[in-house]
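Chemist: Below are the structure tokens for one structure; questions will follow.
Number of protein chains: 2
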Amino acid sequence: MTTQSWLSQLKAHGYRLTNARKAVVEIVATTTSALNPLQVYEAAKSTYQGLGLVSVYRTLEKLEELELIQRVHLPDGCNAYLPQADGHQHLLICEGCGKAEYFEGDNMEALFSKVAGKHGFSIHEHWLQLFGVCSQCELAASG
Amino acid sequence: MTTQSWLSQLKAHGYRLTNARKAVVEIVATTTSALNPLQVYEAAKSTYQGLGLVSVYRTLEKLEELELIQRVHLPDGCNAYLPQADGHQHLLICEGCGKAEYFEGDNMEALFSKVAGKHGFSIHEHWLQLFGVCSQCELAASG
DNA sequence: TTATAATTGAAAACTATTATCAATAAGGAC
DNA sequence: GTCCTTATTGATAATAGTTTTCAATTATAA
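Residue numbers (our numbering), protein chains in the order written: chain L, 1 to 143; chain C, 1001 to 1143.
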């Protein structure tokens, strides 16, 4: 299970397993949508009442350091986090429920290097994010 | 010239042409890299000494409203602005000098709708940004 | 030139994030 | 299990970025 595996990795890096960390990991490791620190805080408090917002910031920082989560930029804010994808993946985000799914773009790299060549750039990083409405939200809206 | 055209558009929408607005427009209409409010403020102050930071925020807001500029998300901040591109373009940004260039991805839409179909999403918006180093910065680094 | 209302810059308020610090508690040694 | 050390905590203060407030100014139409 992801939560356990993340806790093991924290431990393996010499970090102590505290109630605050367990509560934050439990939320972030299992979320399907990108969450900002305040959202994590509110969700994690139901597991561990005594949690402080500051500990959420600190735990997110460590999880990002260990590459278990990644920061996601959204139209309404740039501090949301999502479990990190394996390999190089792109994002599909539902504007209704916030659900985020990774996808792989076939042959995207080829396009990128073509563009890079044309403009005389060497590419180091890329962001590709699609925003839309998932089928459930579509249904909910029409039904 | 872009600056004049932007000022005309502000005027056409009933906004007064003040020194503060002229100074901000002059900077933002001619920039080749995405600038945040503070950067605009500092650059525009050399044109109009009395400028206040608050007026920069307010002017950027109006320019965005009129779709003359667009907000750009960068790894180190999400409040930079760039003149808006015609049509649907993507961004190529130099990590060295900050220069931003638009490009058109051929057949990108086809890929997006394929992905959308596969995941059951309907896409409303997309972000595609490539980060790298432009030829000038490459040269500067090696030379 | 004058009147008027939009706009301004300075200061205050607000929000999000980070640093400080004494109290707490995790986890290794025994 | 108990003790000890020190990482970690939550509360508070500090900081940074952005927005609101407001009296003074100024663009513009008459």
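All residues carry an ideal CB built from backbone N, CA and C; glycine is no exception.
Mapping DSSP to helix, strand and coil, what is L1063/C?
Modeler: helix
Chemist: Any C-beta of chain C sitting closer than 7 angstroms to the C-beta of H88/L?
Modeler: No - not a single Cβ of chain C is within 7 angstroms of the one on H88/L.
Chemist: So for Q1089/C, helix, strand or coil by DSSP?
Modeler: coil
Chemist: Please confirm whether Q1129/C and L1091/C have their CB atoms less than 7 angstroms apart.
Modeler: yes
Chemist: Terminal residues of the continuous beta strand (DSSP E) containing R1071/C?
Modeler: 1069-1074
Chemist: Alpha carbon to alpha carbon, how far is Y102/L from D86/L?
Modeler: 10 angstroms
Chemist: Three or more C-beta pairs under 8 angstroms: does that hold for the segment 1099-1119 of chain C against the segment 95-114 of chain L?
Modeler: yes
Chemist: In the structure shown, what three-state DSSP assignment does A80/L receive?
Modeler: strand
Chemist: Any Cβ of chain C within less than 7 angstroms of the Cβ of V92/L?
Modeler: The identity of residue 92/L in the sequence shown is Leu, whereas the question assumes Val. Answer yes: the Cβ-Cβ gap between L92/L and chain C drops below 7 angstroms somewhere.
Chemist: Find out if the Cβ-Cβ distance for the pair Y81/L, I69/L is shorter than 7 angstroms.
Modeler: yes
Chemist: Helix, strand or coil: which one does DSSP assign to H13/L?
Modeler: coil
Chemist: Using a C-beta cutoff of 7 angstroms, does G120/L count as contacting chain C?
Modeler: yes
Chemist: Chain L partners of K1133/C, CB-CB under 8 angstroms?
Modeler: The displayed chain sequence assigns Val, not Lys, to residue 1133/C. Neighbours of V1133/C on chain L, chain order: F121, S122, H124.
Chemist: Which residues in chain L have a C-beta closer than 7 angstroms to the C-beta of C1078/C? List them in chain order.
Modeler: H73, C78
Chemist: Can you tell me whether Q49/L is helix, strand or coil according to DSSP?
Modeler: coil
Chemist: Rank Q1084/C, N1036/C, D1106/C, N1107/C by C-alpha distance to the C-alpha of V1056/C and give the top, closest one.
Modeler: N1036/C
Chemist: If you reduce the DSSP assignment to three classes, tell me which class E138/L lands in.
Modeler: Helix.
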